[in-house]
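Here is the structure we will look at, set down as C-alpha cells.
Shown next as C-alpha cells:
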C-alpha cells in the first residue's frame, strides 16, 4: 500500500464481522460511560451482524431499528483500523428515548420586588424517533489530524444519500463530566438518589436492557436546578474531556447544544435538522474524471453514493463540475472513474506539499 | 392552680387598651392586634387566670371561617410516589411536596399564642386545653357559618440559631428575603397576607424531597420544640397531621372533619 497517494489517506467503510478484534481493541480503550460499543465479544459480534444486515437490507425491509457501524482505515498503514462511528436510525423506535429539556421559568412578585429566572429540567421524549449519531472512537494518535473529520462528517453524507431510512432530525449524545472512579456529579445529584448506586453500576445493571428502563424510575416532574448541589449545577451541559473532539465537529456542522441534556450524566445532547447541517448543505453530486489529486485545493468529503458498499474518503479537489480522482482514490472508493460521487467541501485546504495537514 | 380558676372569653377593646399590658405582652410583634369586625365572622378568644393576679391573659387564638377565599393561602401537600422495578430489585418510596391551596374554605385556629413565663408545662397545657375547648364550643354554636374542615398550622422546626432548616433548603432558593427572622418587617411592609406573595415565587411543580438537604427533609412536618406541647392536646381533641405543611418553615398542619370532632358532637347533643 506504500504506493497510496498521501493526499487520500483515510477510508471510511461499513464495519464487517471480520473487524471484531479491531473494534474490541477500540472498545477496551474507551473510558467509563463513554462507550456505546459493548465490551463483551458476543454483544459486539451481535452488533456487527445487525449492522451488516442494515447496510445490506432492501429499503422496503428497513424498519427504523437499524444500526450502522463504520470503521476508519489508515491506508498508509495497510488499512489498519483507527476509528469507528455509528448511526442508529430511530432510537427509541419501540420505546421512548428520554432526555432532559432545559427550560426556564420566570416568576415575578412586583410586591416583593423580586424576579426569579429558574432553570428547570423537564424529562421528555422529544427525541424519540430522531436518528442518532453514536459511538465515535478514534485512536488518540490520529485525534489531531483530518481523520476525525472524515469519521464524523461522512455519516451525514450517508444519511443524506439514504434519507428515506432516517429522520430529518439528527441528534447525538455527548458524555458529561465523570472521573475514573465512577464519580459523575450529575448522576450523583440526580440518578443516584433514586438508585443508590454509582453510574458504572447502574449502567452495568441495565446493560442489555433499554436505557429507558432506568428513565422510568427517575422523577417525572421537573427538576429545579437551584436545588441541586453546586458540582451538579456546574456539570449541566458540560463535556467530559474525551467528548470535546466529536462535540466540536458537530457544533461546526451546525448542531444546536442548548436544549437537551443526557438524563444520566448531564452531558449535552446536540440536535439539528439534516438539511441545515454544513456537510449536507454543501454536498453535491458530481461526475468524476481521471487526473492527479490537486495539492493545495480544498479538502472534499467524497462518498461513492452507495449504501451496501459505502465508501468515503477525504481528498483535495477544486469546485469544478467534475471531480478529479486518481487511480488510488478511485480504488479506495470502489468506483470506476467516470461514475458520479457525492462531495462536500471542508473548510480547510490541503497543504501544497506532500505531508498531511496538521 | 386548679382549672376552675381559668376562664375563656372573647377579647374585648378593654383588653387592648394601652394601659392594660396583659394581652399585648402576650402577642408576638408580627401578630394582628386588631379586634375582629362583626362582619368578618372571626372570633378572638382568650383564656385568663382569675384570682391572685387579677385576670392575667394566659393564651389567645382566633377562630376564622372560610380562610383563603379572599386572599389566597398556600400549603405544601406532602405526597408519596413509589418507583419500583422488580427485575432490578429496586423499590423506592419518595416524598413529594406540591404547592397548593387545598384548605381554601376551611376554618382555622389562627394566631395561637400563650404565656410561658412562670407557668409549668401542666399549667400551660391546662390553659391551652380550655382555649381549644372554648373555640370548639364557638364553632359548634355557629356551625352553619363554617365549612367541613378545621385546621391549625403549627410552627415548624428552628435550629439553635433560630433559622428554619426547611426554608434554608427549599424556599431560600426562590426568595432571598428573611421570611423567618423578619416576619414583623414583612407584615409591616406587605400586610398580614405576605405569605401569599412569597408563594408566587415558590416551585409550582412537585418537588421530590430527596433533592433537598438531609436537614430540610427531616424538618418536613416537624413541629418546633417550643410548640410540642400542642401535639397531644390537638390529638386528644381529634385533630391530626394531614400531610400538609407550612410553606415557610415546613411546620405540620393538623386538621379534622368538624362534624367528627368529639367536642362538637357533645355540644350538639
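Residue numbers (our numbering), protein chains in the order written: chain A, 1 to 358; chain B, 359 to 627. For each residue, glycine too, the CB sits at the ideal point set by N, CA and C.
Check	Outcome
With residue 280 (chain A) as the anchor, note down where its alpha helix (DSSP H) starts and where it stops.	278 to 282
Tell me, please, which residues DSSP counts as bridged to residue 507 (chain B).	B:615
Please tell me whether residue 533 (chain B) has its Cβ less than 8 Å away from any Cβ of chain A.	yes
So the beta strand (DSSP E) residue 415 (chain B) belongs to, where does it begin and stop?	414 to 422
With a cut-off of 8 Å, does the C-beta of residue 563 (chain B) fall near any C-beta of chain A?	yes
Taking Cβ to Cβ, would you say residue 255 (chain A) is nearer than 8 Å to residue 242 (chain A)?	no
So, residue 387 (chain B) versus residue 585 (chain B), is the Cβ gap smaller than 8 Å?	no
Along chain A, in chain order, which residues have C-beta atoms closer than 9 Å to that of residue 443 (chain B)?	213, 214, 216, 217
Check the C-beta distance from residue 82 (chain A) over to residue 152 (chain A) and give it rounded, since I have them as a contact under 8 Å.	Wrong, their Cβ atoms sit about 14 Å apart, outside the cutoff.
Residues of the region 310 to 339 of chain A with a CB closer than 8 Å to any CB of chain B: list them in chain order, please.	none
Taking the alpha-carbon positions, what's the residue 523 (chain B) to residue 252 (chain A) distance?	47 Å
So, with DSSP's three-state summary, where would you put residue 217 (chain A)?	coil
Going by DSSP, name the residue or residues bridged to residue 87 (chain A).	A:68, A:133
Under 8 Å between C-beta atoms, does residue 568 (chain B) make it to chain A?	yes
Classify residue 252 (chain A) as helix, strand or coil using the three-state DSSP reduction.	helix
Can you list, in chain order, the residues of the region 581 to 611 of chain B whose Cβ is nearer than 9 Å to any Cβ on chain A?	none
On the DSSP bridge list, what partners appear for residue 466 (chain B)?	B:422, B:509
Within 10 angstroms of its Cβ, does residue 106 (chain A) collect 16 or more other Cβ (buried), or is it exposed?	exposed
Could you spell out where the beta strand (DSSP E) holding residue 345 (chain B) opens and where it closes?	The question about residue 345 (chain B) has no answer, for chain B in this structure spans 359 to 627.
Can you find at least 3 beta carbon pairs, one from the region 119 to 129 of chain A and one from the region 219 to 228 of chain A, that sit closer than 8 Å?	yes
Any contact of the region 289 to 302 of chain A with the region 191 to 200 of chain A, i.e. 3+ C-beta pairs under 8 Å?	no
I'd like the span of the beta strand (DSSP E) that includes residue 400 (chain B), first residue to last.	Per DSSP, residue 400 (chain B) belongs to no beta strand (DSSP E) and is neither H nor E.
Hey, residue 486 (chain B) and residue 588 (chain B): beta-carbon distance below 8 Å or not?	yes
Could you tell me the distance, in whole angstroms, from the CA atom of residue 181 (chain A) to the CA atom of residue 164 (chain A)?	43 Å
For residue 613 (chain B), count neighbouring C-beta atoms within 10 Å of its own C-beta (all shown protein chains included) and say buried if the count is 16 or more, exposed if not.	buried
Which residues bound the beta strand (DSSP E) around residue 272 (chain A)?	268 to 273
Could you tell me which uninterrupted beta strand (DSSP E) segments, each at least 3 residues in length, are contained entirely in the region 287 to 334 of chain A, listed from first to last along the chain?	298 to 303, 312 to 316, 323 to 325
Residues of chain A with CB closer than 7 Å to the CB of residue 450 (chain B), please, in chain order.	194
What in chain A is Cβ-close to residue 558 (chain B), meaning under 7 Å?	107, 109
Smallest Cα separation from residue 484 (chain B): which of B:372, B:409, B:371, B:416?	B:416
Could you give the first and the last residue of the continuous beta strand (DSSP E) run that contains residue 117 (chain A)?	114 to 124
Run through DSSP, which three-state label would residue 623 (chain B) get?	helix
Terminal residues of the continuous beta strand (DSSP E) containing residue 103 (chain A)?	99 to 109
Could you tell me the distance, in whole angstroms, from the CA atom of residue 14 (chain A) to the CA atom of residue 84 (chain A)?	9 Å
Is residue 189 (chain A) helix, strand or coil by DSSP?	helix
Compare the Cα-Cα distances from residue 49 (chain A) to each of A:118, A:61, A:67, A:59 and report the closest residue.	A:67
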